[in-house]
Structures are given as C-alpha cells and as structure tokens.
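In what follows, a single structure is set out as structure tokens and then discussed.
Protein chains: 2
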Amino acid sequence: MITEEQVRQALEKVMDPELKRNLVELGMVRDVEIRDSQVKFTLALTTLACPLKDQIMAEAKAAVLALDGVKEVEIELKEMSAEEKKRILPDRDQPGVAERFNHIEHVIAVMSGKGGVGKSLVAGLLAVALRREGHQVGILDADITGPSIPRMFFPTRQWPKGGPLGILPVESKTGIKIMSINLLLQSEEQAVIWRGPLISGAIKQFWGDVVWGDLDYLIVDLPPGTSDAALTVMQSLPLSGVVLVTSPQGLADMVVKKAAQMAAQLNVPIMGLVENMSYAICPDTGKKLEVFGPSKSGVMATQLHVPLLGRLPIEPQIAELCDAGRIEDYPAEEFAPIAKKLAEMALPARRAMFLNVPGAK
Amino acid sequence: MITEEQVRQALEKVMDPELKRNLVELGMVRDVEIRDSQVKFTLALTTLACPLKDQIMAEAKAAVLALDGVKEVEIELKEMSAEEKKRILPDRDQPGVAERFNHIEHVIAVMSGKGGVGKSLVAGLLAVALRREGHQVGILDADITGPSIPRMFFPTRQWPKGGPLGILPVESKTGIKIMSINLLLQSEEQAVIWRGPLISGAIKQFWGDVVWGDLDYLIVDLPPGTSDAALTVMQSLPLSGVVLVTSPQGLADMVVKKAAQMAAQLNVPIMGLVENMSYAICPDTGKKLEVFGPSKSGVMATQLHVPLLGRLPIEPQIAELCDAGRIEDYPAEEFAPIAKKLAEMALPARRAMFLNVPGAK
Numbered sequence: 000m001i002t003e004e005q006v007r008q009a010l011e012k013v014m015d016p017e018l019k020r021n022l023v024e025l026g027m028v029r030d031v032e033i034r035d036s037q038v039k040f041t042l043a044l045t046t047l048a049c050p051l052k053d054q055i056m057a058e059a060k061a062a063v064l065a066l067d068g069v070k071e072v073e074i075e076l077k078e079m080s081a082e083e084k085k086r087i088l089p090d091r092d093q094p095g096v097a098e099r100f101n102h103i104e105h106v107i108a109v110m111s112g113k114g115g116v117g118k119s120l121v122a123g124l125l126a127v128a129l130r131r132e133g134h135q136v137g138i139l140d141a142d143i144t145g146p147s148i149p150r151m152f153f154p155t156r157q158w159p160k161g162g163p164l165g166i167l168p169v170e171s172k173t174g175i176k177i178m179s180i181n182l183l184l185q186s187e188e189q190a191v192i193w194r195g196p197l198i199s200g201a202i203k204q205f206w207g208d209v210v211w212g213d214l215d216y217l218i219v220d221l222p223p224g225t226s227d228a229a230l231t232v233m234q235s236l237p238l239s240g241v242v243l244v245t246s247p248q249g250l251a252d253m254v255v256k257k258a259a260q261m262a263a264q265l266n267v268p269i270m271g272l273v274e275n276m277s278y279a280i281c282p283d284t285g286k287k288l289e290v291f292g293p294s295k296s297g298v299m300a301t302q303l304h305v306p307l308l309g310r311l312p313i314e315p316q317i318a319e320l321c322d323a324g325r326i327e328d329y330p331a332e333e334f335a336p337i338a339k340k341l342a343e344m345a346l347p348a349r350r351a352m353f354l355n356v357p358g359a360k
Numbered sequence: 000m001i002t003e004e005q006v007r008q009a010l011e012k013v014m015d016p017e018l019k020r021n022l023v024e025l026g027m028v029r030d031v032e033i034r035d036s037q038v039k040f041t042l043a044l045t046t047l048a049c050p051l052k053d054q055i056m057a058e059a060k061a062a063v064l065a066l067d068g069v070k071e072v073e074i075e076l077k078e079m080s081a082e083e084k085k086r087i088l089p090d091r092d093q094p095g096v097a098e099r100f101n102h103i104e105h106v107i108a109v110m111s112g113k114g115g116v117g118k119s120l121v122a123g124l125l126a127v128a129l130r131r132e133g134h135q136v137g138i139l140d141a142d143i144t145g146p147s148i149p150r151m152f153f154p155t156r157q158w159p160k161g162g163p164l165g166i167l168p169v170e171s172k173t174g175i176k177i178m179s180i181n182l183l184l185q186s187e188e189q190a191v192i193w194r195g196p197l198i199s200g201a202i203k204q205f206w207g208d209v210v211w212g213d214l215d216y217l218i219v220d221l222p223p224g225t226s227d228a229a230l231t232v233m234q235s236l237p238l239s240g241v242v243l244v245t246s247p248q249g250l251a252d253m254v255v256k257k258a259a260q261m262a263a264q265l266n267v268p269i270m271g272l273v274e275n276m277s278y279a280i281c282p283d284t285g286k287k288l289e290v291f292g293p294s295k296s297g298v299m300a301t302q303l304h305v306p307l308l309g310r311l312p313i314e315p316q317i318a319e320l321c322d323a324g325r326i327e328d329y330p331a332e333e334f335a336p337i338a339k340k341l342a343e344m345a346l347p348a349r350r351a352m353f354l355n356v357p358g359a360k
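Chains as they are written, first to last, in numbering that gives the first Met the number 0: chain U, 0 to 360; chain A, 0 to 360.
Here it is, written out as structure tokens:
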C-alpha cells in the first residue's frame with residue numbers, strides 16, 4: 000500500500016530549477032489522492048506560464064512512478080495565490096549577499112532591440128560622461144553572448160577578484176566599476192552557448208552577487224532583442240528607465256519600436272532616444288555624409304513621445320579608441336549634454352521592488 | 000490452450016490512433032502471461048498522460064477477449080524509456096505534417112553573433128542572387144524578436160495563407176518563398192516578448208509546419224547571439240553550413256569569432272565569410288572611405304581557415320530599396336559571384352538527421 004508520506008518523500012527529491020528548493024518545501028504539492036496503484040495530486044506553481052513547467056511535471060511524475068507499486072500518476076496544475084507566491088519567491092526575500100550591501104541610486108538600461116546600432120558605445124560614453132561629472136558609476140554588461148564593454152575599457156586582459164560578499168567588479172582607469180561575462184571567460188573569443196535560463200541567471204548574479212558598493216549610476220548594456228536578457232533586466236532590476244538607441248539604417252526604426260513597446264508593456268519609463276551613426280564626415284571636403292540615409296530619429300521621437308537626446312556621428316577615431324580599450328580618452332563633447340540631460344531626469348531606482356533596501360517595503 | 004502468438008496477433012489489429020501503427024509493431028506489448036483463460040500483459044505507452052490511453056486500453060482488451068477461450072484480460076500500463084520513444088516517434092520534436100512533404104536540397108544559415116552587421120541584407124541578397132540563377136529559393140527568418148526580411152521583400156503588408164498541410168509561405172515578386180514572424184503579427188511594430196523556449200518553438204514550426212515544397216536552397220536568417228535561436232537552428236535543422244557576416248566595426252571581430260566557435264562546437268561547417276559595410280563612397284570625390292576603420296576580414300578569414308567570399312560597400316541606394324520592400328530591384332552585381340561560390344560549395348542538407356527522409360535512419 001502506497002502512502003501519502005511516500006509520495007511526499009519522493010517529491011522532496013524534485014527541485015524547482017529556478018527557486019532551487021524542492022516542491023514539497025515550496026508548498027507546491029497538494030491534494031494527494033491514492034487509489035490502488037494510481038496516484039493523483041495537484042502541483043501549485045508560481046505561474047502557469049512557467050517556461051519550466053513541463054520539465055517540473057516530468058520530473059515529478061518520474062519521481063512518483065519510481066515508487067514501488069505506483070503504476071499511474073496524474074498531475075493537475077494550478078497557480079498559487081499572490082499571497083502564497085510572496086512567501087516563496089526569492090527575489091523579494093533572499094537577494095544575493097552582495098545585494099544587501101550595495102546602494103545604487105539610479106539604474107539606467109541602454110536598449111535598442113536592433114543589433115549593431117551602438118548600444119554599447121552609448122552605454123560606455125554615458126558612463127564616461129557621468130564619471131567626468133564626478134559621479135560614482137558602474138556598468139553591468141547584460142549582453143552575455145556578445146559582450147563588448149571590457150574591450151572598450153581595458154587595454155589588457157583583466158580578471159575580477161572574489162571578496163567575502165561576492166565578486167568584485169573590475170575598475171577602469173577613471174574608476175568606473177565594470178562587470179561582464181567576458182571578464183570571467185578563459186578567452187574573450189570563447190562562445191557562450193547558453194539557452195535563456197542561464198542567460199537570465201548570469202544577469203541576476205551580476206546584480207545580486209557583485210559588490211557594486213555605493214553607486215550614483217549603474218548603466219546596464221542590453222543585447223539586441225526582446226527575449227530573455229531584456230525581460231530579466233526589466234523584471235528583476237529596479238530600473239529608473241531605459242535609453243533607446245537607434246540608427247538611420249533601414250529597418251532600425253521598426254525594430255527599435257518593438258523595444259519601445261516592450262518597455263511600455265513592462266512599465267519601464269523611456270528616458271529618451273539617441274541616434275547613432277547619423278552621418279560620417281568626408282575627410283577631404285568636411286561635408287556630412289548620410290551614409291545610412293537621412294535621419295529618422297526626429298520623427299520617431301515624436302511618435303514615441305520621448306525626447307531626442309542627441310545624434311552621434313560615425314567617427315573612425317572612436318572605433319580605434321574602443322578597440323584599444325581607451326574609450327575614456329575620447330573627448331566625447333557631443334555626449335556631455337546627453338549625459339547631463341539623463342542625469343537630471345533619472346528618477347531614483349524603483350526601490351520598492353526590493354525589500355532589502357532600507358525604508359522600502 | 001491460448002498462446003502468446005495468438006494474443007500478439009489479436010493486438011496487431013489494434014492501432015495507436017496517433018502513430019497510425021499497430022501496438023505490436025510499435026513494441027508496446029510486453030510481458031504476456033497466460034494462465035488458463037486469463038491473459039495479462041503490459042502496454043508500454045509513449046506517455047502515461049496520453050489522452051487516448053483509455054481508448055487504446057479498451058480496444059486492446061476487446062481484441063484479446065475476442066479470442067476463443069479468453070475470459071479475463073488484465074492490462075498493466077507503463078511508460079516507455081526515452082530511448083524507446085525515440086525509436087518510434089516520427090522525430091523527437093514531432094515535426095509537422097508539412098515537413099514530410101517538403102524536399103529541401105540545401106539549408107544555409109546566415110550568422111554573425113554580432114548585431115547590425117547586415118546578416119539580413121546578406122541573407123536577402125544571397126536569396127535574390129540564387130533565384131536569378133533559376134533556383135527555387137526560400138528564406139526562413141529565424142530572427143523572432145527583430146525580423147527584417149519581410150520589410151525588404153514586400154512593399155505592402157502580406158499575410159500567409161493556411162493550407163491542408165500547414166502554413167503557406169508568402170512569395171516575393173520573383174518567387175522567393177518567405178516565412179517570418181512579422182508576417183503573422185497584427186502589426187509589424189508589435190514586440191515579441193518571449194523567452195527562449197517559445198523562440199525555439201517558433202523556429203521549429205517555421206521548419207516543420209511551413210509548406211516549403213521543393214526548394215533548391217533555404218536560407219535561414221539568424222538573429223545576433225549564440226543562445227536559443229542559433230542553438231535551435233544548429234541542432235534541429237539539417238544545415239549544409241553557415242555563412243558568417245562581419246563588418247570592420249571595432250568589436251565585430253571578437254563577437255563573430257564567438258559565432259565561429261559555436262559552429263565548430265556544434266559540427267556545422269562554415270562555408271565562408273562576408274564583410275559588409277567595408278567602405279562608403281564619397282559622392283563628391285568617388286573615393287572609398289573606410290568609415291568604420293580598415294578591413295579586418297582578410298586576417299580573420301585566415302585565422303578561421305575559411306574563404307573570404309567578398310566585401311560589400313555601404314550603399315545608401317540599397318538601404319532605400321530595402322526600406323521600400325524592393326531588394327529584388329537591386330542589381331547586386333557584387334553579390335552574384337558570392338552566391339555562385341556558395342552554390343558550388345553547398346553540400347546537401349544533412350538529411351540523416353531526419354527519420355522521415357527516405358533512406359535515412
């Protein structure tokens with residue numbers, strides 16, 4: 000005769016892959032019914048849209064089927080109540096150790112949707128300009144499969160150190176704190192062939208397990224797309240807002256609007272639009288050449304109801320400095336007013352999202 | 000006296016309604032025990048959650064009870080091992096009906112790792128050039144969050160039709176068959192905010208549920224990165240090889256090498272390298288301007304041991320044509336030799352990956 004106790008013990012061996020605790024401990028196993036060799040129970044998940052649902056169900060089923068005498072297992076799914084979820088979700092109760100000691104005033108994500116429009120360049124120049132103003136600045140490189148930030152800031156290979164509270168970010172020449180997957184890889188050309196959950200996990204660790212200390216601004220450099228990385232940053236980090244980057248290239252327009260729509264859907268304010276690669280300058284004639292066609296950013300800013308923060312030219316000099324790890328040597332005069340505008344408009348990070356911030360609840 | 004042979008013969012008349020083959024042939028009938036007028040056996044199903052379980056059991060029971068001398072039938076259910084399932088399911092990923100009727104000779108993925116270097120442009124021009132040579136050509140747009148292909152090929156909004164076998168791709172002016180998420184969205188600016196498993200699912204559907212028919216070449220346009228989309232295409236589609244796209248922009252080099260490493264790790268041959276945005280032409284002086292710095296693609300091709308297929312300039316004209324859905328009007332003389340080289344070197348799609356292809360196992 001199979002007992003409920005045996006079923007529960009079997010299910011104690013199944014972990015929720017995200018919450019890293021077993022199903023019984025999480026209070027997910029309910030209404031166990033045993034009839035001869037048939038076992039039926041309900042699994043209460045934190046969300047029925049859980050992408051790992053099938054995996055959890057399969058593992059739960061296999062665990063119970065492994066019991067002597069069980070021939071059939073039926074699982075019903077339901078969603079936990081908001082109250083129940085709150086008790087077990089870790090983001091709210093159990094941040095990384097480092098996170099409890101960090102004080103980050105403003106978190107600004109640089110996003111585009113479209114690749115190759117210069118998100119990382121804008122993120123880097125924004126950090127440089129804010130640092131020049133005397134602020135404490137960090138950059139969290141959330142592009143896990145195509146990270147560009149370390150190459151811009153470090154002429155030679157750097158390795159982060161570990162501290163008692165977590166990983167220490169690497170400091171640039173002017174004191175910008177940087178964390179990127181490329182600082183942790185054996186070789187910077189090594190491919191990171193990860194599916195979404197690992198990408199999200201790495202970004203959460205860069206937030207929760209990195210000793211950022213006291214920062215006025217943390218700039219988050221997002222990869223292209225509106226999938227896992229962008230979702231994780233928008234859902235798990237207390238963003239002040241996002242800066243959208245576009246270029247006059249055909250198609251950028253449409254894809255950047257998808258990014259804008261994502262931000263709107265997730266209630267993240269759009270702080271403004273930066274157009275990169277607006278024009279090149281002919282070295283012989285000094286004329287502006289619109290090599291990717293005429294600018295569309297003015298129209299786009301109006302359509303999105305966001306300020307156009309500025310337009311940046313294509314500059315062979317900056318490509319060279321970035322490749323040499325010397326972005327901080329670039330005068331970036333065009334960028335100072337953009338950074339100033341952003342600093343003025345940046346609301347404090349949405350602290351209420353995080354219980355561990357003093358005073359927030 | 001009832002024999003096991005008789006029982007098996009009776010069960011050969013019972014079909015699995017989904018797999019359309021009989022239970023014995025599928026290896027589902029096991030451990031037949033006969034004691035006087037009592038018959039007992041085990042049915043190993045592909046899943047215990049099978050909605051047709053009861054029907055199959057009832058039919059199996061009736062078939063055996065119909066044998067002369069049988070008075071009682073007892074059936075035990077179990078689930079097949081992963082290994083056993085693999086042997087009988089048409090394909091682990093359950094391909095759509097369309098896939099069984101498609102005949103696609105060569106599948107070429109266009110990849111970069113880096114965003115914004117012109118993957119979609121290269122994919123589009125490659126398709127156009129192959130079509131001009133008289134081949135049957137399709138484009139599978141695997142960039143689910145930032146799809147660019149429809150905008151290049153269609154001046155007005157198009158909607159795919161459904162057929163009895165699956166979704167029909169939309170045909171371009173010159174007869175290139177195209178499938179993209181943007182052909183299925185309400186508005187092309189709608190954001191697709193999906194985590195990895197959904198992205199992978201969509202790509203698999205574009206392969207398995209789209210009625211491509213007979214194609215000489217299917218070009219797959221990949222998004223940036225080495226995560227879900229690239230993994231799914233490399234693991235689930237029978238690729239002939241990948242074409243890598245790079246640009247002289249700083250950092251492209253490093254990120255494209257990550258893509259090359261991924262292809263190597265997943266045993267997908269790299270057919271060659273195309274450098275896009277190599278230079279712009281000053282309209283006043285006619286001089287080539289290397290606006291993103293000097294070309295690095297020659298060195299890179301040597302390092303990766305792959306042929307450098309060609310270098311494409313930045314062309315305001317092509318940006319305009321792409322934006323207007325008229326890429327097929329572009330003469331693309333630079334591209335004809337690239338397409339020719341690729342066509343010559345493309346090996347047949349790795350058919351052995353798919354059980355449903357005749358002759359493969």
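Beta carbons: idealized from backbone N, C-alpha and C, even for Gly. Since the structure is predicted, the reported quantities are computational estimates derived from the model, not experimental observations.
Residues are counted here when their Cβ sits less than 9 Å from a Cβ of chain U; for the region 58 to 77 of chain A these are E75, L76, K77, given in chain order. When Cβ pairs closer than 8 Å are counted between the two stretches, the region 192 to 205 of chain U is seen not to touch the region 106 to 121 of chain U, the count staying below three.
Within the same chain, L25 come within 6 Å of A/I87 by CB-CB distance, once the 5 residues on both sides are set aside.
Here DSSP, grouped into helix, strand and coil, assigns U/G271 to strand.
In the assembly as shown, A/G285 is an exposed residue. Its beta-carbon has fewer than 16 other beta-carbons within 10 Å.
At a Cβ-Cβ threshold of 8 Å, A/F40 and A/V28 count as neighbours. With three or more CB-CB distances shorter than 8 Å, the region 178 to 192 of chain A counts as touching the region 215 to 235 of chain U.
U/D215 is positioned such that its CB atom lies closer than 8 Å to that of U/Q135.
Under the three-pair Cβ rule at 8 Å, the region 58 to 71 of chain A counts as touching the region 10 to 22 of chain A. Closer than 9 Å at the C-beta level to chain A, one finds no residue of the region 153 to 166 of chain U.
DSSP places A/L238 outside both helix and strand once states are collapsed to three, so it counts as coil.
Flagged as an interface residue toward chain A: U/A190, by a C-beta distance shorter than 8 Å. As the crow flies, the alpha-carbon of U/A331 is around 35 Å from that of A/M151. Distance from the CA atom of A/L341 to the CA atom of A/L272, rounded to whole angstroms, is 11 Å. Beta-bridge partners assigned by DSSP to U/V121: none are found. U/N101 sits in coil when the DSSP states are folded into three classes, being neither helix nor strand. Rounded to whole angstroms, the Cβ separation of A/A97 and A/I143 is 19 Å, and the two are not in contact under 8 Å.
For the region 232 to 243 of chain U, the set of residues with a beta-carbon nearer than 8 Å to any beta-carbon of chain A is empty.
For the region 210 to 227 of chain U, the set of residues with a beta-carbon nearer than 8 Å to any beta-carbon of chain A comprises P222, P223, G224, T225, S226, D227, in chain order. Secondary structure of U/G114 (DSSP, three-state): coil.
A/A258 and U/K118 have their C-alpha atoms spaced approximately 20 Å apart. The beta carbon of A/G145 sits closer than 8 Å to some beta carbon of chain U. Looking from the CA of A/V31, the closest CA among A/I103, A/W206, A/E75, A/R130 belongs to A/E75.
Taking a beta-carbon distance threshold of 8 Å, U/R34 does not count as an interface residue toward chain A.
For the region 266 to 293 of chain A, the set of positions with a beta-carbon nearer than 8 Å to some beta-carbon of chain U reads A279, C281, P282, D283, T284, K286, L288, E289, V290, F291, G292 in chain order.
For A/F40, the three-state secondary structure derived from DSSP is strand.
Within the same chain, Cβ atoms closer than 6 Å to the Cβ of U/V121 are found at V109, V244, V273, the five residues on either side in sequence being excluded.
Note that the region 153 to 165 of chain U touches the region 175 to 182 of chain U; at least 3 beta-carbon pairs, one per stretch, sit closer than 8 Å. Residue environment for A/E327: buried (at least 16 other C-beta atoms within 10 angstroms of its C-beta).
Of all residues in the region 312 to 330 of chain U, only I313, P315, A318, E319, C321, D322 come within less than 8 Å of chain A when Cβ atoms are compared, listed by chain position. Contacts with chain U at 8 Å (Cβ-Cβ) do not include A/Q204. With a threshold of 16 other beta carbon atoms within 10 Å, A/T301 falls short and is exposed. Note: A/Y216 is bridge-paired with A/H105, A/V136 in the DSSP secondary-structure output. A buried status is given to A/H105, since no fewer than 16 other beta-carbon atoms sit within 10 Å of its beta-carbon. The C-beta distance from A/A251 to A/V116 rounds to 6 Å, short enough to fall under 8 Å.
Taken through DSSP and simplified to helix, strand or coil, A/V191 comes out as coil.
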